[in-house]
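Q: First the structure, which I've put down as structure tokens, then a few questions once you've had a look.
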Amino acid sequence: MQASVFEPMDRTVAETVLKETKHVLDQLGIVFFLRHGTCLGAVRDDSLITWDDDLDVGSVIGLRGLTEERMYEAVDLFSQEGFDPNVIVSEIGLEVEMRKYDVPIDWNCYRIIGDNIYQWPVVQISLSLHTELKEIKFLGETFLVPNPPEDYLRQRYGPDWGIPK
């Protein structure tokens, strides 16, 4: 069995892909937030993480008018805009895996379960961090992150989230 080899993204191209993703979702009025390593880099470093191998954004089904039907409208528009979306349905949400300009991007649309959402690998994250998202300036644009982002990053990565590893 061969081990997976992760290759870092070209950050300049990844910035373009993130902005194009924002354009598609904004065009449809779909609210999304930066998550995982993309959020970590934006908040901690004001940059995409040098060694990251994909972009991560998310939305919550049932908040701000997002339904599965609206998500599929976005999937169609992503296709028209040159992305190659693939939808994976699970109990915790719908994951839209895409690639553009050879940069992978994951848009996860989480289901609300109790007072939480669950992020890979089944990490429980409080829904309250996603009800009033925080605006940040990143890459010359305004993006949203869980609020407060420090609490999200602590839940996701632990108390040492601010120390690059």
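Under my numbering, think of the first position of the sequence shown as 16, with each following residue one higher.
For glycine and all other residues, C-beta sits at the position ideal for the given N, C-alpha and C.
Keep in mind it's a predicted model, so treat the numbers as computed, not measured.
From the DSSP output, which residues share a beta bridge with PHE158?
A: Here residue 158 refers to the residue found at position 143 when the sequence shown is read from its first residue. Beta-bridge pairing links PHE158 to ILE151.
Q: Assign THR36 to one of two classes, buried (16 or more other C-beta atoms within 10 Å of its C-beta) or exposed (fewer than that).
A: The residue given as residue 36 occupies position 21 in the sequence shown. That one is buried.
Q: Between ARG126 and ILE140, what straight-line distance do the alpha-carbon atoms span, to the nearest angstrom?
A: Position 111 of the sequence shown, counted from the first residue, corresponds to residue 126. Position 125 of the sequence shown, counted from the first residue, corresponds to residue 140. Their Cα atoms are separated by approximately 12 Å.
Q: By the 10 Å Cβ neighbour count, where 16 or more other Cβ atoms means buried, how is TRP66 classified, buried or exposed?
A: The residue given as residue 66 occupies position 51 in the sequence shown. Per the 10 Å Cβ criterion, exposed.
Q: Where do the ends of the beta strand (DSSP E) carrying PRO164 lie?
A: Position 149 of the sequence shown, counted from the start, is the residue given in the question as residue 164. That residue, PRO164, is in no beta strand (DSSP E); its alpha helix (DSSP H) goes 164-172.
Q: Measure the CB-CB distance between PHE47 and HIS145 and report whether it falls below 8 Å.
A: Locating residue 47 in the sequence shown gives position 32, counting from the first residue. Locating residue 145 in the sequence shown gives position 130, counting from the first residue. Their beta carbons are not under 8 Å apart, which means PHE47 does not touch HIS145 by this criterion.
Q: List, from N- to C-terminal side, the alpha helix (DSSP H) runs of 4 residues or more that fit wholly inside the stretch 16-52.
A: Counting whole runs of 4 or more residues, the stretch 16-52 contains the alpha helix (DSSP H) stretches 26-42.
Q: Work out the CA separation of ILE128 and LEU142 for me, nearest whole Å.
A: For the purposes of this step, residue 142 is taken as residue 127 along the sequence shown, with counting starting at 1. For the purposes of this step, residue 128 is taken as residue 113 along the sequence shown, with counting starting at 1. Each residue's alpha carbon lies about 9 Å from the other.
Q: To the nearest whole angstrom, what separates the beta carbons of VAL75 and ILE132, a pair I think is in contact under 8 Å?
A: Start at 1 with the first residue of the sequence shown, and residue 75 comes out as number 60. Start at 1 with the first residue of the sequence shown, and residue 132 comes out as number 117. Rounded, the Cβ-Cβ distance is 6 Å, consistent with contact.
Q: What residues in its chain sit with their C-beta under 8 Å from that of LEU81, if we drop five residues either side in the sequence?
A: The sequence position of residue 81 within the sequence shown is 66, counting from 1. Excluding residues within five positions, the ones whose Cβ falls inside 8 Å are ILE45, VAL46, SER74, VAL75 and CYS124.
Q: VAL118: buried (16+ other C-beta within 10 angstroms of its C-beta) or exposed?
A: Residue 118 sits at position 103 when you count from the first residue of the sequence shown. So VAL118 counts as buried.
Q: For GLU88, which residues from the same chain have a beta carbon less than 7 Å from its beta carbon, with the 5 sequence-adjacent residues on both sides left out?
A: As a first step, residue 88 must be located in the sequence shown, where it is residue number 73. For GLU88, where only same-chain residues beyond five positions count, the Cβ hits under 7 Å are LEU43.
Q: Please go through the stretch 100-154 and give each complete beta strand (DSSP E) segment of 3 or more residues, from N-terminal end onward.
A: As far as the stretch 100-154 is concerned, its whole beta strand (DSSP E) runs of at least 3 residues are 101-105, 108-115, 118-125, 131-134, 138-141 and 149-153.
Q: Give the range of the alpha helix (DSSP H) segment to which ASP68 is assigned.
A: Stepping through the sequence shown from its first residue, residue 68 is reached at position 53. Note, ASP68: premise wrong, no alpha helix (DSSP H); not H, not E.
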